[in-house]
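S.K.:
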């Protein structure tokens, strides 16, 4: 709740997702299976997945004491201790790219522990002219403004095909104007405050950079009210790739809408980023969707593949003398 998250989102989305995640991965416990490998001679070879051991999870938290056994603390002290500990065999971290690099460096300098990182994103959301515009506008709005824009999966670079660009921008502004700001415990509120003063100031500074660099401010662009760390839902159009708001992760309620003409162009521009987390595509053309999916340099790990990061693969070879019949 201290992050400004809406109570209804925490109750109906986060809580439900957490329960489903526990059940899902609990079901995988007896299904992480190895393989048998055909080899020449009198040998039987197979692999098995074994738990790595002690794993350090560095993630945003906020649980009351005793609910979950968590080592609480700040990154420079607690995080560094986990990343450098010689008896921890794996570290998982969710946070900024800058800190992720430090953790990987610490892991290498200690015991070469395995590291999985879920860092920032500047995710492309691509809308083609054949898409349902109203649906795309609504999903793009939810994909950006969810959790006050404080989401690494946010579709923050919205590429819209030229022929529907003006319509998309107009409807996006109309949608942003309907967003209700206020107390996150109020069921009628759509957007709460930002997590802290530092992030609040950083978002406003990036908004100002967008104005100075030539983006067109369609709506919002400033703080809201005289109490709390609220920022108006903000929509920019005429955004170009060189602008800071198009390159840096804002982590706030700021929507950037960019124009494109061809499939090849939007693929190239979408991939022109230091991030590669997720992407979204709106089109009714399945061939176009598959082309985009195979061309974008992004990836999301789910299910068994994510669970395998917490296991070591051991190869076992047994000599089995062949008996003459």
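Residue numbers (UniProt numbering): 1 to 325. Heads up, the beta-carbon is just placed ideally off N, CA and C, and yes, glycines get one too. All figures in this text were calculated on a predicted structure; none of them were measured in a lab.
(1) Take the Cβ of residue 88 as the centre, count every other Cβ of all protein chains shown within 10 Å, and call the residue buried at 16 or more, exposed below.
(2) In whole angstroms, what separates the C-alpha of residue 297 from that of residue 161?
(3) Is residue 218 closer than 8 Å to residue 173 when the C-beta atoms are compared?
(4) Out of 241, 83, 125, point me to the one whose CA is closest to residue 116's CA.
(5) Using the three-state DSSP reduction, which class does residue 92 fall into: helix, strand or coil?
(6) Tell me the DSSP bridge mates of residue 315?
(7) Three Cβ pairs or more, each shorter than 8 Å: is that satisfied between the region 257-265 and the region 147-162?
(8) For residue 189, I'd like the list of residues in its chain whose CB is within less than 8 Å of its CB, leaving aside the five on either flank, ordered along the chain.
(9) Starting from the C-beta of residue 193, find all residues in its chain whose C-beta is less than 6 Å away, skip the five residues before and the five after it, and write them out in chain order.
(10) Taking all protein chains shown into account, decide if residue 23 is buried (16 or more other Cβ within 10 angstroms of its Cβ) or exposed.
(11) Give the DSSP-derived three-state secondary structure of residue 251 in the structure shown.
(12) At 3 residues or longer, and completely inside the region 165-238: list those beta strand (DSSP E) runs for me, N to C.
(13) Helix or strand or just coil, what does DSSP make of residue 52?
(14) Among 283, 247, 294, which residue has its Cα nearest to the Cα of residue 267?
(15) In angstroms, rounded to a whole number, what distance separates the CA positions of residue 301 and residue 279?
M.R.: Walking through what the data contain:
(1) Counting from one through the chain shown, the residue named residue 88 turns up at place 88. When all chains shown are included, residue 88 counts as buried.
(2) Here residue 297 refers to the residue found at position 297 of the chain shown. Here residue 161 refers to the residue found at position 161 of the chain shown. Straight-line Cα distance between these residues: approximately 20 Å.
(3) Start at 1 with the first residue of the chain shown, and residue 173 comes out as number 173. Start at 1 with the first residue of the chain shown, and residue 218 comes out as number 218. Yes.
(4) Locating residue 116 in the chain shown gives position 116, where the first residue counts as 1. The option with the nearest alpha carbon to residue 116 is 83.
(5) One-based indexing of the chain shown puts residue 92 at position 92. Three-state DSSP puts residue 92 in a strand.
(6) Locating residue 315 in the chain shown gives position 315, counting from the first residue. Beta-bridge pairing links residue 315 to 47.
(7) yes
(8) In the chain shown, counting from the first residue as 1, residue 189 sits at position 189. Same-chain partners within the cutoff: 6, 180, 181, 182, 183.
(9) Numbered from its first residue, the chain shown carries residue 193 at position 193. So the list reads 4, 228, 229, 230, once near-sequence residues are dropped.
(10) If you number the chain shown from 1, residue 23 lands on position 23. By the neighbour-count rule (16 or more Cβ atoms within 10 Å), residue 23 is not buried but exposed.
(11) The count along the chain shown starts at 1 and reaches residue 251 at position 251. Note: residue 251 maps to coil in three-state DSSP.
(12) 216-219, 234-237
(13) As a working note, residue 52 is residue 52 in the chain shown. Here residue 52 sits in coil by DSSP.
(14) Position 267 of the chain shown, counted from the start, is the residue given in the question as residue 267. For residue 267, the nearest C-alpha among the options comes from 294.
(15) Start at 1 with the first residue of the chain shown, and residue 301 comes out as number 301. Start at 1 with the first residue of the chain shown, and residue 279 comes out as number 279. Bear in mind that the predicted position of residue 301 carries a pLDDT of just 35, short of 50, making it unreliable; the figure below should be weighed with that in mind. Distance between the alpha carbons of residue 301 and residue 279: 13 Å.
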